[in-house]
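**Q**
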Amino acid sequence: MDLTSRITELAAPAAREAGLELDSVTVTAAGKRSRVLVAVDLPETEVGSADLDAVAAASRAIGAALDEANVPSTPYLLEVSTPGADRPLTERRHFMRARTRKVALTLASGDTLTGMLEDVDGDVLVITAGDVSERVPIADVTKAGVIVELNRLD
141 MDLTSRITEL AAPAAREAGL ELDSVTVTAA GKRSRVLVAV DLPETEVGSA DLDAVAAASR
201 AIGAALDEAN VPSTPYLLEV STPGADRPLT ERRHFMRART RKVALTLASG DTLTGMLEDV
261 DGDVLVITAG DVSERVPIAD VTKAGVIVEL NRLD
């Protein structure tokens, strides 16, 4: 088993202890150390953002799990964060987490669609643009991302 897979195996239950889900693990060389970047997020059933206390709790739990298993076996720097607003939406779970947010989609047809992601119904996105609601199969989306709304009050 490679190092990233082993860290993933250890970090996922530790993140769940803090009420979060493991999103990704990236391991890179950083001089004589390894840099272990772990992204955590709320479960896909939740709407909103992971708070700093939950991320800190996940960081402590993940660090303890890695240290107990001696993985990695060389010195490392652990960074735990959320995926961020600029993460591409590539999987159903990403779209689930983006519900109630404004999204921009590029479709396989070349068309683009921007609107509020109201729901994910199975593998179909429910997007509202103005007064029009559209259903878009996730399989038809070639590129997607959240549009950050700085002046949104809700």
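The sequence shown begins at 141 in this note's numbering and counts up by one. Note that CB positions come from ideal geometry on N, CA and C, so glycine has one too.
Quick one: complete alpha helix (DSSP H) runs, 4+ long, within the segment 150 to 209?
**A** 192 to 209, all fully within the segment 150 to 209.
**Q** Beta carbon of L247, beta carbon of G285: below 9 angstroms?
**A** As a working mapping, residue 247 is identified with position 107 in the sequence shown. As a working mapping, residue 285 is identified with position 145 in the sequence shown. Taking 9 angstroms as the Cβ cut-off, L247 and G285 do not qualify as a contacting pair.
**Q** K242 and T254 - do their beta-carbons sit closer together than 9 angstroms?
**A** Taking the sequence shown and counting its residues from 1, one reaches residue 254 at position 114. Taking the sequence shown and counting its residues from 1, one reaches residue 242 at position 102. Closer than 9 angstroms, so yes.
**Q** Would R237 be called buried (16 or more neighbouring beta carbons within 10 Å of its own) or exposed?
**A** Mapped onto the sequence shown, residue 237 falls at position 97. The residue in question, R237, is buried, as its Cβ has 16 or more Cβ neighbours within 10 Å.
**Q** Could you tell me which of P212, T185, E231 and A205 sits nearest to T166, measuring between CA atoms?
**A** Taking the sequence shown and counting its residues from 1, the one referred to as residue 166 is at position 26. It is P212.
**Q** Alpha carbon to alpha carbon, how far is V180 from L217?
**A** Stepping through the sequence shown from its first residue, residue 180 is reached at position 40. Stepping through the sequence shown from its first residue, residue 217 is reached at position 77. Between V180 and L217, the C-alpha separation is close to 16 angstroms.
**Q** If you drop the 5 nearest sequence neighbours on each side, which residues of the same chain put their C-beta closer than 8 angstroms to that of A170?
**A** Counting from one through the sequence shown, the residue named residue 170 turns up at place 30. Excluding residues within five positions, the ones whose Cβ falls inside 8 angstroms are L217.
**Q** Looking only at its own chain, which residues have a Cβ that is under 7 angstroms from the Cβ of T148, when we skip the five neighbours before and after it?
**A** Within the sequence shown, the letter at position 8 stands for residue 148. Excluding residues within five positions, the ones whose Cβ falls inside 7 angstroms are L162 and V165.
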